[in-house]
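S.K.:
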Amino acid sequence: MTRSSIPPALLELRNPSTPSAQITALRDLKNEIVGHDQRKEMAVRSGVVGPLVRILSEGSRRVGKRNGGGVELNGSATRIRGGEARIGGSQEDWSAEDEMRLQAVLVVGSLALGGPAFVTPLLAGNILPPLLDSLVLRDVPSKLIVATLRTIITIADAVALDRSWTETADGPLRPSASTVMASQLYTKTVVESFAEILVQPHPSMIVHQEISLTVQLITKTCQDDRQRNLLLGAGVLDVLATKVAVMAASGDVTLRAIGCESRHQSREALPIMYLPDILEAICAIVKGSNYRTARFLYSEPITEIFPTSSKSSGAGEIPNLDGHASSQGADRFLPRLQAVANKHESQFSKAFPALGSISMLGMNPQVDGGQFARIPSFIDAHAAMNRTISGDEFESPIFPWLINIARTRHGFDRLSAASLLSMLKKYSEAYPSDESPKNRERALAFLVVPLLVNMIQEAAHSCDTKNKSPPGNAQQRVNDRKFLEQAQIVLADLIEGSPALQKAAVDARAIPTLCTILKRSFDPVAASSKPLWSPRTSAEDVIDPDVDPGSSTLGRPGLSSELLHALRYREGALRSIAALTDREDAYRKVVIENGAVACITEALVPYPSQELEESNAKQPGPKDGNPIPVLIAACWAARSMSRSVSILRTSLIDYGVAKPIHGLLTHPNVEVQIAATEVLCNLVLHFSPMRDSLIEAGSLKTICEHAHSANSRMRLNSLWALKHMVLTATNDIKTKCLDELGTGWLIRTIQGEQKDYAGPPSQSHVSTAIGMRTPNAAGEQVDLLNAVDEPSMEIDESSSSSGDEDEDNTPEVLRRPPHRALNSSTIRSELKAIKQSEQDPRLRAEHDDLRIQEQALDFIRNLIAESKAGAAEMIDHLLSTIGSTRFFEMMASKLRPTSSSSPSTIFPPSPARTRSPLSNPRDQGLTFGQLHFNQAVLAPPEILLSVVFILIHIANGRPQHRALLISQTQLLNHVLPLFQHPDRRLRVACVWLVINLTWMDDSSDMPAARDRALSLKALGVEQKVRELTTDQDLDTRERAKTAVEQMSKLLDGSGNGGPGLGLGGMDGGGFESRRPLGSGFGGARGWRGE
Amino acid sequence: MSSSTVSVSAATPTTRHSFQRRVDEIKPSKTDINFVIMDYLINEGYPSAAKKFAMEANIQPPIEEESILPRVEIRNAIYAGDIEKAIHKINDLNPQILDLDPTLHFALLRLQLIELIRKCMTTPDADITPALTFATSQLAPRAPTNPEFLEDLERTMALLIFPPENLAPPLAALLDPALRQTVATRVNEAILGSQGARREARIRNLVRLRAWAERKARDAGKDIPDKLDLGLNADKEGDDEDDAMNGNGETDAMVS
């Protein structure tokens, strides 16, 4: 009855007689193989794939034909049928062919459930195209579409288990299952049919299922930017935004947004159980792009249901009362949380805590929850202290709405809402509004982060194989696993770069949990299921010569789902740990106490590539290596941990992090290489005990090679690592490094691949759209480099299109941040700006180029940054290899404002602007505001700073170096304007340059020093320094006084030079010893971290 | 359809406990009760009853009947002992249900084996070969994948050995029609789960919640009556409803 029944069914399929016989055969086959891997294997071996593909493609061809006339003649009529027929049900035109295809689809789905081994022959037989072809809404019955979608999802799931996930090679020789799948799935036609399925009105359950399955498929398969943009282009994101908006407007009552409470429940709205599917799909699409996030946030349906608060109060069209009411309504979603006091208030409250509040706290321990405590009876003038966080402080009411969902609902609703929140938060950090982010952060810290941590804890508990709680049903187990894998990623995304949120997670005891999870991921996984017993010992293989071998040979078994789960939650734990420890040393210590460093080291070990190929049959265990995503996550964790000096010297040594990191530098995958280089940046700092061994192991050479990589991120990080490596290194190493890099290459890098920074004139004006961050963010260059600290790119473009004049003259204060100015044209231009900054290859290249230039300059700076004699030798070496004329010309080119043509393209016909005010700022009576504007022609301050510091270090060399520098009149002329640079670091640096230039080694240097001082005076430098003695910045002021004193002693006379020199010497000496530090890893900038 | 509303608040003992008075003070919304009933009817698969109830209670009829029908057919097939038909129908609906839930699949197959054995037991001198073949081909391969499967299979095969007149209680339980009901319920839940719906009617959860609350209250020593009836078995309507819960198929005791 069992084995015998497969061959007849197969025979029928191979030699089809009648449709009905085929249907019966398919149905029998399906009932045979369901839940029975042995029979599935037998079916595949005896060549079932071929007939299945045939049936499916015949079906879809017929559809095409049937459709051929219909669409042109009465396309609209068919569409209506598509809409109407669905309401009543899909049975009416259910033909025998449809039934046959349905059965075939079900058989394929059942085969695919067997795992990657079965999917390989299916894909080899080219099963996907006919399946995807039948996703055409207008002429395929819903029932068939649902079954097809389900089958495709099964195939996608199996593909995820495929070993290629573990393959170390960047580009495998043969296309892996996942690349095949991705390339066939993400084509314009398929994505458009997705959009078509999604856009249909949904009053019936079968349509709900179609939509739900489609978004699930998108969530599962959408992995790279190309796919995401394809989905965006097909309008999928907009459709999903509409779904969310409709659900919030007229869906389940518990989901209603503010102001929609009284609307009638509409059948158009999806039932609440589909909310997580939709939200997850939105996350999958917007992920990794501020532009896509903004597209969602400012899509019409979303802004309609979630109007930004100022729309009502700002425009004045709607009465104020209404605005008030709506803001109160928004608070419905947020519990009362005390707002973060502003600086003045908090100082006050710390210094003089109100008696009432203290006694209250003392009496009621429950209230004493630190910051949680609101002070109830604090009724006095300081009402501000009791100000609660309101929904208005978020860019859009969708924030409180999502927070509310995360708080009031459970499971995937909560997870997906938190996930979308983390994406939106990233966007709002990149493009902040005028409100302080503190209160928003506090709301997230108190309301969302603890929930996430709790979710991780619960999921970790129920996924723990050791505890013998009743396993629950299979679905529950799958869900728990998903929670564990995803909640950690969401947590990492949410708290990344935000100390307040990190603290909230630590307070919720996230670290011990995460460390336990990480450790457990290395436990041996239990075999998921034992194999089926077979009455016969082995299936006798009768290879049928007629059967195509590709589609009848089982593939590799793939990872067990348990192992994949372990690897995924390992990645999640590592990413969360990386995010938690990127700032606070105390948190790192807790991580160490919980013994996670050993696990991080272990997670840095890749799969041995050859062995994997040989031992095909053997299932890799959890300790046998790590796939690429885990390696990258482990690198991030190591990078975060290595930011602590003490840990760098203790734990990281003890657990031998350096060795695997060195190994990963030559990993075939470039992303892994980059991540490893980022760690290396911290490991090779001069105080790191690992530096010498790493250099000995040959990492210097590898990094120098990588610095020539075509990948700009690779170049950037390699130069960064080199910059750290040469700081205070011996001259041998420095010379070697310089030789490896090649001076010619270094010069080219510093000069930049694109010398002209000016934005292309064709670009429309968008500066107000994102001119919101820094007060001196006028030129794009300025902001480009701010991205060093803030990874989000923000490019403020200035351009020639009409209308920008007014905008540019608007004082910063009056510039309305974009979120508040919500008419469609501003939204459009803002979106355009974000898109350009993110996707325009030219801007991106410029941006990367500038950052690389900065690193290259810093590299030179660190080469010569030392007070010892070695530095002077290095200066000599550098000048001789590069050639001093060429060198100083290069420096000058960095300081020089960009060529005269650029300003005119940026700032058209205004005569006041085409003059170069910087050369003579006082005559023009420039205010700072105007100054920013004019700086658009200068290089960004970071570049200028690096150049000035190089000059400072040269001036710190031998007297002849100082003489050489002072003779570079042109170069010094370019330094001159920098004395008035709005960035105080630059002003101080300029003063230091003067101090060093007027410095005397000993009395024999005296005449030369006086000459130098005279030349400086002639250049007008002395005047500039004197002006700075009244600078608003204290440091600048004091240094300027020293410089003036030192100069005047040289200029005024020799008699009283002695004591003054002593003072200057002390100061100068002090600075010199500090300076290398400043140049190496000054502040947070030197620490490698994005 | 006020009968069930009445049945909830109908229990009026002679000595009124303070708790009982509080219960009486609470007026549950009729809409909510109607919703719970409708939810039950749809979930448990009583489409015609649901339609009639909707008419009587003047609420929106269930969105689509055809999503309930397959579940009804499958349930009826299991109740009737035609397990093969049930399995095929489940596979027609969505083969993943059984593919992904080997335990459920095994339970169904074992039920099928029991039905085969039952046939042998009822007809004298019957051929037990079909049962043996079925066990070898369908159940035996799956048995080693899970220790519970093995035990279940062994116990089921024991039915062939012992005379049907006096079976040990665990064996007798296998022949009890209640087993069909249990399996049918699990199948119903699995289908609902595969459609993304709640796996069981809300009322079951409410009943459990009530039991939990009562236990908590007793543990905490709260002042509540010694016995708290659900109110379902207290009167005639309640009995009818209980029948409906366990009843077979379309006949709806509640409306008739």
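Chain order of the listed sequences is A and B. Note that UniProt numbering numbers the first sequence so that position 402 is 402, with each residue one more than the last. Note that UniProt numbering numbers the second sequence so that position 86 is 86, with each residue one more than the last. Note that CB positions come from ideal geometry on N, CA and C, so glycine has one too.
(1) With a cut-off of 8 Å, does the C-beta of K835 of chain A fall near any C-beta of chain B?
(2) Give the residues of chain A in contact with G196 of chain B, contact being defined as C-beta atoms less than 7 Å apart.
(3) Indicate the three-state DSSP secondary structure (helix, strand or coil) for P437 of chain A in the structure shown.
(4) Give the list of continuous alpha helix (DSSP H) stretches no shorter than 4 residues that lie fully inside the segment 44-98 of chain B.
(5) Give me, in chain order, the residues of the same chain whose beta-carbon lies closer than 8 Å to that of G595 of chain A; leave out the 5 immediate sequence neighbours on both sides.
(6) With a cut-off of 8 Å, do at least 3 Cβ pairs link the segment 230-250 of chain A to the segment 267-279 of chain A?
(7) Do we get a CB-CB distance below 8 Å when we pair G83 of chain A with the residues of chain B?
(8) Taking Cβ positions only, does N31 of chain A come closer than 8 Å to chain B?
(9) Using the three-state DSSP reduction, which class does N594 of chain A fall into: helix, strand or coil?
(10) Identify, in the order they occur along the chain, each residue of the same chain with its Cβ nearer than 7 Å to the Cβ of T151 of chain A, setting aside the five sequence neighbours on each side.
(11) Can you tell me whether DSSP reads Q968 of chain A as helix, strand or coil?
(12) Does N34 of chain B come out as helix, strand or coil in the three-state DSSP assignment?
(13) Give the straight-line distance between the Cα atoms of M641 of chain A and A871 of chain A, rounded to the nearest whole angstrom.
(14) Relative to the alpha-carbon of I258 of chain A, which residue among A:H264, A:R267 and A:A248 has its alpha-carbon at the smallest distance?
(15) Quick one: what's got a C-beta closer than 6 Å to I864 of chain A's C-beta in the same chain, skipping five residues either side?
(16) For a cutoff of 8 Å on Cβ pairs, would you count I87 of chain B as touching chain A?
(17) Under 8 Å, do A492 of chain A and A579 of chain A count as touching if we go by C-beta distance?
(18) Quick one: which chain A residues come within Cβ less than 7 Å of residue 274 of chain B?
(19) So with CB distances below 8 Å, who are the chain B contacts of R150 of chain A?
(20) Nearest chain B C-beta to V26 of chain A closer than 8 Å, yes or no?
(21) What does L501 of chain A reach in chain B if we use C-beta pairs closer than 7 Å?
(22) Exposed or buried, which one is W720 of chain A when buried takes at least 16 other CB atoms within 10 Å?
(23) Does the separation of the CB atoms of V236 of chain A and F296 of chain A fall below 8 Å?
(24) Between H461 of chain A and the ligand HEM, is the CB less than 7 Å from at least one heavy atom?
(25) Out of A:A676, A:V239 and A:R1037, which one is the CA nearest neighbour of V991 of chain A?
(26) For P51 of chain A, name the three-state secondary structure that DSSP assigns.
(27) Please return the same chain residues whose Cβ sits closer than 6 Å to the Cβ of T219 of chain A, not counting the five positions on each side in sequence.
(28) Scan the segment 131-164 of chain B for residues whose Cβ lies nearer than 8 Å to a Cβ of chain A and list them as they occur along the chain.
(29) With C-beta atoms as the reference, is V453 of chain A less than 8 Å away from A508 of chain A?
(30) Is E25 of chain B buried or exposed, if buried means 16 or more other CB atoms sit within 10 Å of its CB?
(31) So if DSSP puts Q475 of chain A in a beta bridge, which residue, or which two residues, is it bridged to?
(32) Would L683 of chain A and V597 of chain A be called neighbours here (beta carbons separated by less than 8 Å)?
(33) What's the gap between the Cα of M1047 of chain A and the Cα of D1031 of chain A?
(34) Taking only beta-carbon positions, decide if L106 of chain A is within less than 8 Å of chain B.
(35) Based on Cα-Cα distance, which residue from A:V449, A:G555, A:G572 and A:R292 lies nearest to Q488 of chain A?
(36) Using the C-alpha atoms, what's the distance from V199 of chain A back to L213 of chain A?
M.R.: According to the structure data:
(1) Not one chain B Cβ lies under 8 Å of K835 of chain A.
(2) Using a Cβ-Cβ cut-off of 7 Å, G196 of chain B is close to S212 and M273 of chain A, given in chain order.
(3) When DSSP states are grouped into helix, strand and coil, P437 of chain A belongs to the helix group.
(4) You should have 47-57, 69-79 and 83-93.
(5) In chain order, C515 and K519 place their CB closer than 8 Å to the CB of G595 of chain A, counting only its own chain and leaving out the 5 sequence neighbours on each side.
(6) Verdict: yes, contact present.
(7) Any reading at G83 of chain A is ruled out, since the residue's pLDDT is 40, under 50, leaving its predicted position unreliable.
(8) With its beta carbon less than 8 Å from one in chain B, N31 of chain A belongs to the interface.
(9) Three-state DSSP puts N594 of chain A in coil, outside helix and strand.
(10) V105, V108, G109, A112 and L131.
(11) DSSP, reduced to helix, strand and coil, places Q968 of chain A outside both helices and strands of the structure shown, so it counts as coil.
(12) Here N34 of chain B sits in helix by DSSP.
(13) Going by C-alpha positions, M641 of chain A is about 32 Å away from A871 of chain A.
(14) Nearest C-alpha to I258 of chain A: A:A248.
(15) Hits under 6 Å: A871, M874, I875 and H953.
(16) True, the Cβ-Cβ gap to chain A drops below 8 Å.
(17) It is a contact, given that the beta carbons lie within the stated cut-off.
(18) As displayed, chain B neither begins before 1 nor continues past 256, which places residue 274 of chain B out of reach and without an answer.
(19) Simply N94 and Q96.
(20) Rather than Val, the amino acid found at residue 26 of chain A in this sequence is Leu. Closer than 8 Å: no.
(21) By Cβ distance, chain B contributes nothing, its closest Cβ being about 33 Å from L501 of chain A, past 7 Å.
(22) By the neighbour-count definition (other C-beta atoms within 10 Å, threshold 16), W720 of chain A is a buried residue.
(23) In this structure, F296 of chain A does not lie closer than 8 Å to V236 of chain A by Cβ.
(24) Looking at this structure, you won't find the ligand HEM or any other ligand, since it has none at all.
(25) Ranking A:A676, A:V239 and A:R1037 by Cα distance to V991 of chain A puts A:R1037 first.
(26) P51 of chain A: helix per DSSP, three-state reduction.
(27) The answer, listed in chain order, is E280, A281 and A284.
(28) Only those residues of the segment 131-164 of chain B whose C-beta falls short of 8 Å from the nearest C-beta of chain A are listed: T133, F134, T136, S137, Q138, A140, P141, R142, A143, P144, T145 and N146.
(29) Contact: yes.
(30) E25 of chain B is exposed by the Cβ-count criterion.
(31) Under DSSP, Q475 of chain A takes part in no beta bridge, so it has no partner.
(32) In this structure, V597 of chain A does not lie closer than 8 Å to L683 of chain A by Cβ.
(33) Those two C-alpha atoms are separated by around 18 Å.
(34) Answer yes: the Cβ-Cβ gap between L106 of chain A and chain B drops below 8 Å somewhere.
(35) With distances taken between Cα atoms, Q488 of chain A lies closest to A:G572.
(36) Their Cα atoms are separated by approximately 14 Å.
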